[in-house]
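*Asks:* With the first letter of the sequence shown counted as 1, position 318 gets the number 317 in numbering that gives the first Met the number 0; the numbers rise by one all the way through.
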Amino acid sequence: MSTSKSLTAAITMLGRAPAVQAVLHIDAVKPGRSRLVSIEAFLTVAIAFKIQGPKRDFVLTDLTRWVDTFSPGQQARAGLPWDWSYDNLQTAFQGLVGHLEPEGALARRGPRNPRMPSVDEFVNALIDASIPAGCPQTEVLALDSTDVRTHAKRRSWLAKPDTADPHMPDNARDDKPWTSPGWPKLQPDGRYAVGADLEARIGWCTIKNQEGSSTFNGYDAHLLVDAGSPGQAFWVPFIRGAVLRPAGEYKAEAGLALLDSLPRGVQARYLASDRGYSYAKASAWHLALRDRSVIGVHDLHSNQRRPHPSNSSRGVQWIDGTLFPDSLPKQLRTLPNYPIGMKATERADLVSLYEEREQWGFRVNRRFDNGDVQLKGPAFTLRVRCRNWPKSMRAKSSTPMTDCKPGCQCGATKVIPLAEAAWERQHLTFGTEKWLRHYGLRTFVEGANAQLKEWRGSMRRHSTKVFGTTANAIVLAVHCAAVNVSMTQDAWGGAVTLNTRRPQDVPETRRRRTPSRPLPSPRGERGPTGPRSRQG
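Set out below in structure tokens:
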């Protein structure tokens, strides 16, 4: 993409982001001497810099060299004066960070303007503006976090993260702690800083290549990605939103903050999330998703897979988030999970067991406004036959038959309180084919992590040298915006742009790429030889 086109895209994005415009307006009317380079001019060139080259590192010296190649017309279009300098760009960036710093932050100087958007609102307004308005959210969104390592040098280390988050990754291993004079430093939040970036914290690093989890120093970037819907042939996995938090912070709070800061809200029906979110207390995640009319789809931790009786009814029990009668066959009560690298035949066999067990489960008959649900038993819905419920004996002879004593609950209806088994309860029955098809879409957020770090972007350690949560959050937003623009260009070429507003104007298929010409033979032959080349 040319410099002029990247500037056009950046200017369009800023104009489409109300929260960004609010920051620019507050900065423009503030008392005192105005900056030589405005925040708007800085954002314009910073976004254009990454759009033109998403794999570029976001370093102010590199940005300065690139801006120095502008023609007078491009410089004027970006809003830069003729005598701008590196210091002016740095001052503008620091001014933006200063406006957005939350109350109580280490770098906060003076009271915060009450009309100023939050950091999360600013970040997600910028990311949302990088997606064509004609591309609405998909039916399923995927949520996960990835590590953003600070540029700061390590001055000490801890054996494991000093975090209050109860979730610990599988195969987590401790590190060897060490110190140096004056380090680590205890911070106001009760956690330790181990380097010059005083807001960076130690957290668990994502498992890579099936190795055990290790630790890192920096931040957790929580990403929300379009994951399509089961069976959908084509869509672009746009990054819909992001928030940045010091590593090791409570993931459920960050995930909800991300959903609440989206400019258009949550339009998707399902949210496929990592266990780092779903392992939180029911009130902190599962019930909070219900309040936002979002259906959560998630894997279950081993602690969530323990069968236990119902708190409100007898003769039934909860297994993997579904209510079953005590007549459930014993061989179906404890089923294994789906391991990584499972063969297709083994997967199909396990799915058939979960589908068989699903027949015995209670199903929703009615949902009440207060969150309680009325469930009806498998004999009531004719999915099993039970002599204690004569109506069920009308079912087909192939329907499973129970061996119950009088007083069973196979055909009963139960009203389940909102809070009962909310920690593991799911809308889709765990382990079934439908659950797999929805939860399997969560991998698209893993793909977004790879896009940011490897394939399109450059979000890795030392790719930026700024310190602090707010400064790194702004850089993260620019990274995500550049990746979204790059995916739009690759998917549809020039057929879809930031100005495409109607869904009917967005092609339902990927653009066809012009096949490249074959490379000339290194020996200079005229063409291929052999039997295939002589066929008519």
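Virtual Cβ for every residue (Gly too), placed ideally from N, Cα, C.
Mapping DSSP to helix, strand and coil, what is Met458?
*Replies:* Coil, per DSSP.
*Asks:* Taking Gly295 as part of the beta strand (DSSP E), name the residues at either end of that continuous run.
*Replies:* Where Gly295 is concerned, the enclosing beta strand (DSSP E) stretches over 294 to 297.
*Asks:* Alpha carbon to alpha carbon, what distance is there between Pro168 and Asp26?
*Replies:* Spanning the two alpha carbons is a distance of roughly 43 Å.
*Asks:* Is the beta carbon of Gln136 less than 8 Å from the beta carbon of Gln231?
*Replies:* Not closer than 8 Å, so no.
*Asks:* Identify every residue that forms a DSSP beta bridge with Leu140.
*Replies:* Beta-bridge pairing links Leu140 to Asp225, Leu270.
*Asks:* Apart from the five residues just before and just after Gly211, which ones in its own chain have a Cβ nearer than 7 Å to its Cβ?
*Replies:* With a pLDDT of only 49 at Gly211, under the threshold of 50, the placement of this residue in the model should not be trusted, and no figure is reported.
*Asks:* Assign Phe323 to one of three DSSP states: helix, strand, or coil.
*Replies:* Here Phe323 sits in strand by DSSP.
*Asks:* Assign Trp65 to one of three DSSP states: helix, strand, or coil.
*Replies:* Trp65: helix per DSSP, three-state reduction.
*Asks:* Need the endpoints of the alpha helix (DSSP H) that Lys433 sits in, please.
*Replies:* Per DSSP, Lys433 belongs to the alpha helix (DSSP H) from 432 to 438.
*Asks:* What three-state label does DSSP hand Thr145 in the structure shown?
*Replies:* Thr145 falls in the strand class under three-state DSSP.
*Asks:* In chain order, which continuous runs of the beta strand (DSSP E) of length 3 or greater are located wholly inside the segment 53 to 134?
*Replies:* Taking only runs of at least 3 residues, no beta strand (DSSP E) segment lies wholly in the segment 53 to 134.
*Asks:* Take Pro335 and list the residues in its own chain whose beta-carbon comes closer than 8 Å to its own, dropping the five residues that flank it on each side.
*Replies:* These residues qualify, in order along the chain: Leu349.
*Asks:* Along the chain, where does the beta strand (DSSP E) containing Thr412 start, and where does it finish?
*Replies:* That run of the beta strand (DSSP E) goes 412 to 415.
*Asks:* So is Ala163 buried or exposed if we call it buried at 16+ other beta carbons inside 10 Å?
*Replies:* By the neighbour-count rule (16 or more Cβ atoms within 10 Å), Ala163 is not buried but exposed.
*Asks:* Are three or more beta carbon pairs between the segment 214 to 226 and the segment 239 to 257 nearer than 8 Å?
*Replies:* Yes: at least three Cβ pairs fall under 8 Å.
*Asks:* Tell me whether Val372 is buried or exposed, calling it buried when 16 or more other Cβ atoms sit within 10 Å of its Cβ.
*Replies:* Buried: at least 16 other Cβ atoms inside 10 Å.
*Asks:* Just tell me which of Leu417, Glu198, Arg268 has its CA closest to the CA of Arg107.
*Replies:* Measuring from the Cα of Arg107, the nearest candidate turns out to be Glu198.
*Asks:* I'd like to know whether the C-beta atoms of Ala195 and Phe466 end up nearer to each other than 8 Å.
*Replies:* Cβ atoms of Ala195 and Phe466: closer than 8 Å.
*Asks:* Could you have a look at Trp491 and say whether DSSP puts it in helix, strand or coil?
*Replies:* In this structure, Trp491 counts as helix in the three-state DSSP scheme.
*Asks:* Starting from Asn448 and walking both ways along the alpha helix (DSSP H), at which residues does that stretch end?
*Replies:* Element bounds for Asn448: 442 to 449.
*Asks:* Is the segment 35 to 48 touching the segment 61 to 80, taking contact as three or more C-beta pairs under 8 Å?
*Replies:* At 8 Å Cβ cutoff, the stretches touch.
*Asks:* Where does Ala16 sit, in a helix, a strand or coil, going by DSSP?
*Replies:* The answer is coil: DSSP assigns Ala16 none of H, G, I, E or B.
*Asks:* Under a Cβ-count criterion, where at least 16 other Cβ atoms within 10 Å of its own Cβ denotes burial, should Thr321 be classed as buried or exposed?
*Replies:* Buried, since its Cβ has 16 or more Cβ neighbours within 10 Å.
*Asks:* Tell me whether Gly360 counts as near the ligand ADP, meaning its Cβ is closer than 7 Å to at least one heavy atom of that ligand.
*Replies:* As for the ligand ADP, it is missing from this structure, which has no ligand bound.
*Asks:* How far does the alpha helix (DSSP H) with Lys29 in it extend, from its first residue to its last?
*Replies:* That residue, Lys29, is in no alpha helix (DSSP H); it is neither H nor E in DSSP.
*Asks:* Do His150 and Thr463 have their CB atoms nearer than 8 Å?
*Replies:* Yes; because the gap between Cβ atoms is below 8 Å, this pair is in contact.
*Asks:* Can you give me the C-alpha to C-alpha distance between Val118 and Arg148, rounded to a whole angstrom?
*Replies:* C-alpha separation (whole angstroms): 19 Å.
*Asks:* Do you know offhand how far Tyr276's Cα is from Trp284's?
*Replies:* Tyr276 and Trp284: Cα-Cα distance of roughly 7 Å.
*Asks:* For Ala9, which of Thr499, Pro506, Ala480 has the nearest alpha-carbon?
*Replies:* Minimum Cα distance to Ala9 is reached at Ala480.
*Asks:* Among Gly240, Asp161, Trp177, Leu223, which one has its Cα closest to the Cα of Trp203?
*Replies:* Cα-wise, what sits closest to Trp203 is Asp161.
*Asks:* In chain order, what are the residue ranges of uninterrupted beta strand (DSSP E) at least 3 long that sit wholly in the segment 336 to 415?
*Replies:* The qualifying runs are 362 to 366, 372 to 375, 412 to 415.
*Asks:* If we count Cβ pairs, one from each stretch, closer than 8 Å, do we get three or more for the segment 349 to 366 versus the segment 436 to 447?
*Replies:* Result no; under three Cβ-Cβ pairs closer than 8 Å.
*Asks:* Taking buried to mean at least 16 other C-beta atoms within 10 Å of its own C-beta, is Leu99 buried or exposed?
*Replies:* The residue in question, Leu99, is buried, as its Cβ has 16 or more Cβ neighbours within 10 Å.
*Asks:* In chain order, which continuous runs of the beta strand (DSSP E) of length 3 or greater are located wholly inside the segment 153 to 199?
*Replies:* Counting whole runs of 3 or more residues, the segment 153 to 199 contains no beta strand (DSSP E) stretch at all.
*Asks:* Alpha carbon to alpha carbon, what distance is there between Asn471 and Arg15?
*Replies:* C-alpha separation (whole angstroms): 22 Å.
*Asks:* When the Cβ atoms of the segment 364 to 378 are set against those of the segment 411 to 419, are three or more pairs found closer than 8 Å?
*Replies:* Touching, yes, given that three or more Cβ pairs across the two stretches are closer than 8 Å.
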